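Notes follow the structure.
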Amino acid sequence: MRITMIGSGYVGLVSGACFADFGHDVTCVDKDASKIEALRAGRMPIYEPGLDQLVAGNVAAGRLTFTTDLAEGVKGADAVFIAVGTPSRRGDGHADLSYVFAATEEVARAATGPLVVVTKSTVPVGTGDRVEAILRETRPDIDFAVVSNPEFLREGAAISDFKRPDRIVIGTDDARARTVMHEIYRPLYIGESPILYTGRRTAELTKYAANAFLATKITFINEIADLCEAVGADVKDVSRGIGLDNRIGRKFLHAGPGYGGSCFPKDTLALLKTAEDYESPVRIVEAVVKVNDARKRAMGRKVVAALGGGDDARGKTVALLGLTFKPNTDDMRDAPSLAIVQSLQDCGITVRAYDPEGMAIAKTMMPDVVYCEDAYEAATGADAVAIVTEWDAFRALDLKRLAGLLTAPRLVDLRNVYDREEAERAGFSYSAIGR
Ligand code: NAD
0 MRITMIGSGY VGLVSGACFA DFGHDVTCVD KDASKIEALR AGRMPIYEPG
50 LDQLVAGNVA AGRLTFTTDL AEGVKGADAV FIAVGTPSRR GDGHADLSYV
100 FAATEEVARA ATGPLVVVTK STVPVGTGDR VEAILRETRP DIDFAVVSNP
150 EFLREGAAIS DFKRPDRIVI GTDDARARTV MHEIYRPLYI GESPILYTGR
200 RTAELTKYAA NAFLATKITF INEIADLCEA VGADVKDVSR GIGLDNRIGR
250 KFLHAGPGYG GSCFPKDTLA LLKTAEDYES PVRIVEAVVK VNDARKRAMG
300 RKVVAALGGG DDARGKTVAL LGLTFKPNTD DMRDAPSLAI VQSLQDCGIT
350 VRAYDPEGMA IAKTMMPDVV YCEDAYEAAT GADAVAIVTE WDAFRALDLK
400 RLAGLLTAPR LVDLRNVYDR EEAERAGFSY SAIGR
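Residues in the sequence shown are numbered consecutively from 0, following numbering that gives the first Met the number 0.
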């Protein structure tokens, strides 16, 4: 199959490289010339474990190419995937579909024959209908079929998620599109990944329902963590106690500073807007969004409290370990660290920070932070350390050494990486989440 991927970001690049690895002939298009230039030079524009080898192997095999010229990329394709961003629209929380529609128009103009157009971007219910209308209006001479094929990969584990997905959802009523999609995902049929064929609107909504459910699970355990603190229980044990129940499951039950990242915050908001438009409220998700927003700010207060509260904290320095919204990515979009840093700086606290992959982007978003080479440098001369992202590099720190570098040994563990006894043995006064 000849596949064109419009948008070569976290989803487009990984999907394109994996499709090429399945044996398809893939062109990844991006309008950001610096990304394409980097990819052509063998440099990855994002950090994703294993992506550099996967791209290099498929480029060498002649199955994967990169271009900024959308028309060139679309020429002769069997299927075009749209994997451009759908951020929150400024001011109202609706998904901003301007990139999707702009890409759709360009695809329409560039089409040279019958074409299957697939939205891989996360898009609200009904977007496929609008994509189809744009295609037909722009090029009434071409036979288009529009499919919704939402992507469920997680950054940090994107390649294995794409190649061994829990399921693939394909939303279309068109027989030809179904055949093309079947051919594209054939290697996964062999691997027996469940493939669900649904209506297009159902596929679109399934993605939002999945993200809203996961955000709910995280928010649920975060509130239980607060209750644990109030009653003297341990949320790690509660999580295990409920997660071992197969009906509940252990994943997404780690209490922490609140969900962030490029998907959950914007997708929960967009779902609320869809629910509002259709006058069919999703009140649980409304609560989740409010609770999570409040939580990120509360995490800053937790660090301030460890320093003795507002007045005592003013003029102090905090070392933050981890800035990205989760480990193994350089993605800083909507990371809880952004709210935490802001609330600390608002209290007159100086922030020193270290993150294994996120600092290049973080520097552009938070120029007033002092960036360091490692955890120990960040801690040197600081008044407290806070673990914000559970990178492996922070799981086996030399706690005694770390404590010795601080003016006073205070550890705020927002990811419950350490045990209280272990931290206290190293001399720390230790605060964590829900324990
Ligand atoms: P991204 O910002 O990393 O990548 C989008 C890319 O599209 C950018 O490089 C941009 O330059 C390019 N682009 C925009 N308009 C273009 C056009 N007209 N022609 C060519 N290129 C164009 O975004 P992402 O994180 O890959 O997300 C893409 C979509 O996938 C979003 O809808 C997102 O919600 C969804 N999604 C993301 C993830 C994730 O973990 N990041 C997971 C599942 C789904």
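Note that beta-carbon positions come from the ideal geometry of N, C-alpha and C, so glycine has one too.
This structure is a prediction, so every number in the text was calculated from the model and none was measured.
Residue pairing for TYR196: DSSP places it in a beta bridge opposite ILE169.
Residue pairing from DSSP leaves MET298 without any beta-bridge partner. By the CB criterion at 8 Å, PHE263 and ALA214 fall inside the cutoff.
Every unbroken stretch of the beta strand (DSSP E) spanning 3 or more residues and falling wholly within the region 42-91 is given here in chain order: 63-66 and 78-81.
Per DSSP, the continuous alpha helix (DSSP H) segment holding MET358 begins and ends at 358-364. Note on the region 299-327: whole alpha helix (DSSP H) runs with a minimum of 4 residues are 309-312, in chain order. In this structure ALA392 does not touch VAL384 by the C-beta definition: roughly 13 Å separates them, more than the 8 Å allowed.
Residue side-chain check: CYS17 keeps its Cβ at 7 Å or more from all non-hydrogen atoms of the ligand NAD. C-alpha of ILE432 to C-alpha of ASN291: approximately 14 Å in a straight line. Here the alpha carbons of GLY248 and ILE189 stand approximately 27 Å from one another. Near the ligand NAD, meaning a Cβ closer than 6 Å to any of its heavy atoms, lie the following residues in chain order: ILE5, GLY6, SER7, GLY8, TYR9, VAL10, GLY11, VAL28, ASP29, LYS30, ASP31, LYS34, LEU69, ALA82, VAL83, GLY84, THR85, TYR98, ALA101, ALA102, GLU105, SER120, THR121, GLU150, LEU152, GLU154, SER261 and CYS262. At a Cβ-Cβ threshold of 8 Å, GLY170 and GLY198 count as neighbours. Between the beta-carbon of THR111 and that of THR66 there is about 15 Å, and that puts the pair past the 8 Å contact cut. Rounded to the nearest angstrom, the Cβ distance from TYR370 to ALA352 is 6 Å, consistent with a contact under 8 Å. The C-alpha of CYS227 lies about 14 Å from the C-alpha of ARG239. Counted as a single uninterrupted DSSP element, the alpha helix (DSSP H) harbouring VAL106 occupies residues 97-109. Within the region 191-245, complete beta strand (DSSP E) segments of at least 3 residues are found at 194-197, given in chain order. Contact between the region 268-288 and the region 312-320 is absent: fewer than 3 CB-CB pairs across the two stretches fall below 8 Å.
Beta-bridge pairing by DSSP links ILE2 to VAL25 and ALA78. Counting the other CB atoms within 10 Å of its CB gives GLU421 a total below 16, which places it among the exposed residues. Below 8 Å, enough C-beta pairs join the region 80-87 and the region 115-123 to call them touching: three or more. Excluding residues up to 5 positions away in sequence, VAL83 and GLY84 lie with their Cβ nearer than 6 Å to the Cβ of TYR98 in the same chain.
Here the alpha carbon of VAL179 sits roughly 27 Å from the alpha carbon of ILE35. If you ignore the 5 residues before and after PRO86, its C-beta comes within less than 7 Å of the C-beta of ASP95 and LYS265, all in its own chain and listed in chain order.
Listed as beta-bridge partners of ALA431 by DSSP are ASP412.
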